[in-house]
Amino acid sequence: MKPVLELKNIKVNFDTLDGNVAAVKNANIVVKAGETIAIVGESGSGKSQLMMGAMGLLAANGKAEGEALFGDQNLIGMSKDQLNAIRGEKITMIFQEPMTSLDPLYTIGNQLIEPIRRHTNLDRSAARECALEMLTLVKIKEPERRLRSYPHEMSGGQRQRVMIAMALANNPQLLIADEPTTALDVTVQAEILELMASLQKKMGMAMVFITHDLGIVKRIANRVYVMRKGEVVEEGDTTTVFAKPKHEYTKALLDAEPSGRKSPPSPKAPIILSGSNVRVTFNIGGGFMGSPAIQLKAVDGISLVLKQGQTIGIVGESGSGKSTLARALLRLLPAQGAINFEGRSITDFDKTQMRPLRKQAQIVFQDPFGSLSPRMTVGQIITEGLIVHEPAMTKAARDLRAIQALEEVQIDPTQRNRYPHEFSGGQRQRIAIARAIILKPKLIVLDEPTSALDRQVQKQIVDLLRDLQKANDLSYLFISHDLAVVRAMADFVIVMKDGAMVEQGSVEDIMDHPREQYTRNLMAAAFNG
Amino acid sequence: MLRYVFRRLLTAIPTLFLIITISFFLMHIAPGGPFNMERGIPPEIKANIERVFHLDEPVWMQYFRYLGNLAHGDLGPSYILINFSVAELFAQSLPVSIRIGSWAMLLSLVVGSAMGVLAALRHNKFIDFFIVTLATGGSTLPTFVTAPLIQLIFGLTLKWIWIGGWHDGELAAAIGPIVTLALPQLATVARLMRGSMIEALNAHHIRTARAMGLSDFSVVVKHAMRGALLPIVSYAGPAAAGLVTGSIIVETIFQIPGVGRAFIDGALNRDYTLVMGTVILIAVFTILFNFLSDLLYALVDPRVRYD
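Heads up: the protein sequence lines correspond to chains A and B, in order. Our numbering applies: residue 1 is where the first sequence begins, and numbers increase by one. Our numbering applies: residue 1001 is where the second sequence begins, and numbers increase by one.
Structure, rendered in structure tokens:
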């Protein structure tokens, strides 16, 4: 079949303060009419910049070279006017960030109608009809009313549907989707993928799917290109590449799915933390002469028992109250209900009483870039807790502990005088873990510790956490929306939705034999590729 | 919305009350009084004058008397300019200050925004550096430097403008103070606009607009500039309040009979009622313009809705 888009010897370079950076070194990609291809790679592999370069959407300091043939026209080096006649009409794009990809200051209708009118001769009311039709097509409820809505009045999934409606309104020959589901919850992810697949069948356009998620590739793509460090290292039919990967890197990618299961702790293991009927309520609004505050139940009557050496996985979509529950259990938030730590009730402890216990219960956060102070060295960051909790310790002794902790998380201790920005995301998460374990805690709350990391790095962190647990008999509260990681890490799982517990049980029960419909949907969305 | 307006106006009352109270007592704590400096007044006559103006009463009594008069809209008589009430003085000086201030504000908003947008569109190019240099210079040069320079160049040398005086507000007299007042504001607006425009142009929804093949005009003006105006709106409210209530330095250097001049004369002469009147005037304008800029903000940004 005739190719819709043919990328030949594409190079993308960025002119930065550190000199010239090559994001794409040499990439050749062919998209045929009506087919779906996937470009897979980890962050920084150049997969997005390749398509951005072809579409003339690079940042001001970027430059693309090579040939991007659409029919017999080369998109690279084309004038802006010529390019604008193709972008938005014949080739369209949707992006990773549904929350920010729409203009917050204009209604959905306004934003849908503008490109339709730009590329067709339709008058305002005909364009509005077309926009309405598109919203119906992407299954937005009450499309008539939604035309007058602003983006902030819609959820991430709905906004991505609007983006798809916008992209398909002019009946393009090619849709480029740059990680369109990455920022969405798993169940929404599955819905959007299904929608895109069905629309492709209906409208017949070709699709380029840029993603790091191999599950999506397996589900949606006919052919796949694997990119690494700006180069295509492997290409072929999806089934062939998955069954018989040729390149080492592809093999490693396919192997990066977290595996293994954790066995439950012995029944005699002491209880570290227990909470019964924990509730957290937030007051929203209210104030001087204002309307009375609305009460939001963020956590609604959850009970759990965490034993020594146990990992409880708390899963649920964003906004389900997972993190709030964990914070409430550590008394970092005001909460109702009884909370016990090592057999003592800490429900009514004040700040001073809690302080000695803080050492026992540590937290590792999701964002390895934001959770380490950029103005402190790694050594200072990880020993800060020691200064608070063991003020009598000498500087030399602290340094020794820092070396031990860094060795435990497999960071070269000689690098402890460097600053966080000199480390990669995975290394920073190791540093965050070192900061927690240096205090020799009994319990660590892991709040989405691997969500911001690439699959391969994720696997290493999971292995590290498992080793640390075994060596120190640690208890984990593991919060995640990523069920594959939870399956590999936890021995007990609590499923949350809207602040309430949907289901709880051993990892086998929840993952393999879920009882509740919601859990089943979650599992189906996460695992059935 | 109406409810919000009502609430904002209602909260203005305690704010004003607090400002009036604090300034009243601060002013009376300061040593001296309106009739202390004039030598040669026989003590009997001075006592007489003070009795007429109730200055012989305890301060708290004077305070309540002042509040009572104020509640009737009476700002009192000027103690120094004997034949004038404070209200009459404002009737003369406020229009002058408002005229100069609003032109200065308009000038700085229009020219400043345009410069800021231009710099952002040519980010890190020559024009950008040029505008940034100009804007930095503009905001670091104090008005007591720029005003004499303008007088020297355009007044004394080129003889295009009056060096001082109001001359019934003719252009050649007003342009000097207007430009002097506008320069630092203009520089600040240009810098703010440049920053917010650079940010706006890098926003994800701008990438969407470009990917949809929209025209440069739509991308820049409709999608980037509207959002980039928001910081300007926040800034313009308090800035405008400051400008229209007169600048002490500029009005003194250019000999303009505005509120700023009245304020400094009043303060130096311990003209209690005039100083209080000016304080109230500035407070009212500040509250009003902040309120207006908040309303305008909600008009530009649909995510902000008051109820």
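The beta carbon of each residue, even a glycine, is placed where N, CA and C say it ideally should be.
(request) Please list the partners that A/Asn84 has in chain B, where partner means a Cβ-to-Cβ separation under 8 Å. (result) Residues of chain B with a Cβ closer than 8 Å to the Cβ of A/Asn84 are, in chain order, Gly1213, Leu1214, Ser1215.
(request) Would you give the residue range spanned by the alpha helix (DSSP H) that A/Ala85 belongs to? (result) Unbroken alpha helix (DSSP H) run through A/Ala85: 80-86.
(request) Tell me whether A/Ile346 sits in a helix, a strand or coil according to DSSP, three-state version. (result) Residue state for A/Ile346 is assigned as coil, using DSSP reduced to three classes.
(message) Is there a Cβ of chain A sitting closer than 8 Å to that of B/Leu1295, yes or no?
(response) False, the Cβ-Cβ gap to chain A never drops below 8 Å.
(request) Please list the partners that A/Arg87 has in chain B, where partner means a Cβ-to-Cβ separation under 8 Å. (result) The CB of A/Arg87 comes closer than 8 Å to the CB of Arg1210, Ala1211, Met1212, Gly1213 in chain B, given here in chain order.
(request) Please list the segments of the beta strand (DSSP E) lying wholly inside the stretch 31-117 of chain A, counting only runs of 3 or more residues, in order along the chain. (result) Fully enclosed beta strand (DSSP E) runs of 3 or longer: 36-40, 62-70, 91-94.
(request) Just mark A/Gly529 as buried or exposed, buried being the case when its beta carbon has 16 or more other beta carbons within 10 Å. (result) Because the pLDDT of A/Gly529 is 48, which lies under 50, any placement of that residue in the model is unreliable, and the question is left without a value.
(request) Give me whichever residues DSSP pairs with A/Tyr476 in a beta bridge. (result) According to DSSP, residue pairing for A/Tyr476 in a beta bridge involves A/Thr311, A/Ile444.
(request) Could you tell me the distance, in whole angstroms, from the CA atom of B/Ser1113 to the CA atom of B/Arg1191? (result) Cα-Cα distance, rounded: 9 Å.
(message) For A/Lys262, count the other beta carbons within 10 Å of its own beta carbon; 16 or more makes it buried, fewer makes it exposed. Which is it?
(response) So A/Lys262 ends up on the buried side.
(message) Which residues does DSSP list as the beta-bridge partners of B/Leu1156?
(response) DSSP output for B/Leu1156 lists no bridge partner at all.
(message) Quick check on B/Ala1104: does DSSP put it in helix, strand or coil?
(response) Correct three-state label for B/Ala1104: helix.
(message) Counting only C-beta atoms, is A/Thr92 closer than 8 Å to chain B at any point?
(response) Under the Cβ distance rule, A/Thr92 counts among the residues neighbouring chain B, one pair being separated by less than 8 Å.
(message) Which residues of the stretch 166-198 of chain A have a Cβ closer than 7 Å to any Cβ of chain B? Give them in chain order.
(response) Residues are counted here when their Cβ sits less than 7 Å from a Cβ of chain B; for the stretch 166-198 of chain A these are Met166, given in chain order.
(request) Measure from the C-beta of A/Asp15 to each C-beta in chain B and report whether the shortest distance is under 8 Å. (result) Taking 8 Å as the threshold, the shortest C-beta distance from A/Asp15 to chain B does not fall below it.
(message) For B/Met1212 and A/Phe282, what's the separation of their Cα atoms in angstroms?
(response) If I take the Cα positions, the gap works out to 41 Å.
(message) Tell me which residues of the stretch 105-118 of chain A have at least one Cβ-Cβ distance to chain B shorter than 7 Å, keeping chain order.
(response) Closer than 7 Å at the C-beta level to chain B, one finds these residues of the stretch 105-118 of chain A: Leu105, Glu114, Pro115, Arg118.
(message) To the nearest angstrom, how far is the alpha carbon of B/Tyr1297 from that of B/Ala1120?
(response) In this structure, the CA atom of B/Tyr1297 is about 22 Å from the CA atom of B/Ala1120.
(request) For B/Gly1227, return the contacting residues in chain A, with the cut-off set at a CB-CB distance below 9 Å. (result) Under the 9 Å cutoff, chain A gives Asp103, Pro104, Leu105.
(message) Counting only beta-carbon separations shorter than 8 Å, does A/Met55 have a partner in chain B?
(response) So, interface residue.
(message) Give me the residue from A/Ser43, A/Glu257, A/Leu273 with the minimum Cα distance to A/Ser475.
(response) Measuring from the Cα of A/Ser475, the nearest candidate turns out to be A/Leu273.
(request) Using only alpha-carbon positions, find the residue among B/Gly1237, B/Val1132, B/Met1197, B/Leu1171 that is nearest to B/Lys1222. (result) Per the Cα distances, B/Met1197.
(message) Restricting to Cα atoms, I'd like to know which of A/Asn170, A/Gln160, A/Ser198 is closest to A/Thr181.
(response) Considering only alpha carbons, the answer is A/Gln160.
(message) By the three-class DSSP mapping on this structure, what secondary structure does A/Gln460 have?
(response) In the structure shown, the three-state DSSP call for A/Gln460 is helix.
(message) Do A/Lys11 and A/Lys32 count as a contact pair if the criterion is CB distance below 8 Å?
(response) Contact check for A/Lys32 against A/Lys11 fails: the beta carbons are separated by 8 Å or more.
(message) Less than 6 Å between C-beta atoms, sequence neighbours within five positions excluded: which residues of the same chain meet that for B/Ala1182?
(response) Within the same chain, B/Ala1182 has close Cβ partners Ala1104, Leu1107, Ser1108.
(request) Pair every Cβ in the stretch 1081-1090 of chain B with every Cβ in the stretch 1161-1168 of chain B, then say whether three or more of these pairs are closer than 8 Å. (result) Touching, no, given that fewer than three Cβ pairs across the two stretches are closer than 8 Å.
(request) With a cut-off of 8 Å on the beta carbons, I'd call A/Pro374 and A/Pro420 a contact; round off their distance for me. (result) The Cβ separation is near 6 Å, so the contact holds.
(request) Select from A/Ile302, A/Ile314, A/Phe478 the residue whose C-alpha is nearest the C-alpha of A/Ala335. (result) Checking every option, the nearest Cα to that of A/Ala335 belongs to A/Ile302.
(message) Is the separation between the beta-carbon of A/Ala361 and that of A/Leu330 shorter than 8 Å?
(response) Taking 8 Å as the Cβ cut-off, A/Ala361 and A/Leu330 qualify as a contacting pair.
(request) Would you mind working out which of B/Lys1125, B/Ile1022, B/Ala1012 sits nearest B/Val1275, comparing C-alpha positions? (result) Just measuring C-alpha positions, the residue of B/Lys1125, B/Ile1022, B/Ala1012 sitting nearest B/Val1275 is B/Ile1022.
(message) Using the Cβ count rule (16 or more neighbours within 10 Å means buried), how would you classify A/Gly77?
(response) With fewer than 16 Cβ atoms within 10 Å of its Cβ, A/Gly77 is classed as exposed.
(message) Can you tell me whether A/Gly529 is helix, strand or coil according to DSSP?
(response) With a pLDDT of only 48 at A/Gly529, under the threshold of 50, the placement of this residue in the model should not be trusted, and no figure is reported.
(message) For B/Ala1314 and B/Pro1184, what's the separation of their Cα atoms in angstroms?
(response) Outside the displayed range of chain B (1001 to 1307) lies residue 1314 of chain B, so it cannot be described from this structure.
(message) Check this for me: beta carbons of B/Ser1293 and B/Gly1237, under 8 Å apart or not?
(response) It is a contact, given that the beta carbons lie within the stated cut-off.
(request) Pick helix, strand or coil for B/Val1189, following the three-state DSSP scheme. (result) The answer is helix: DSSP assigns B/Val1189 an H, G or I state.
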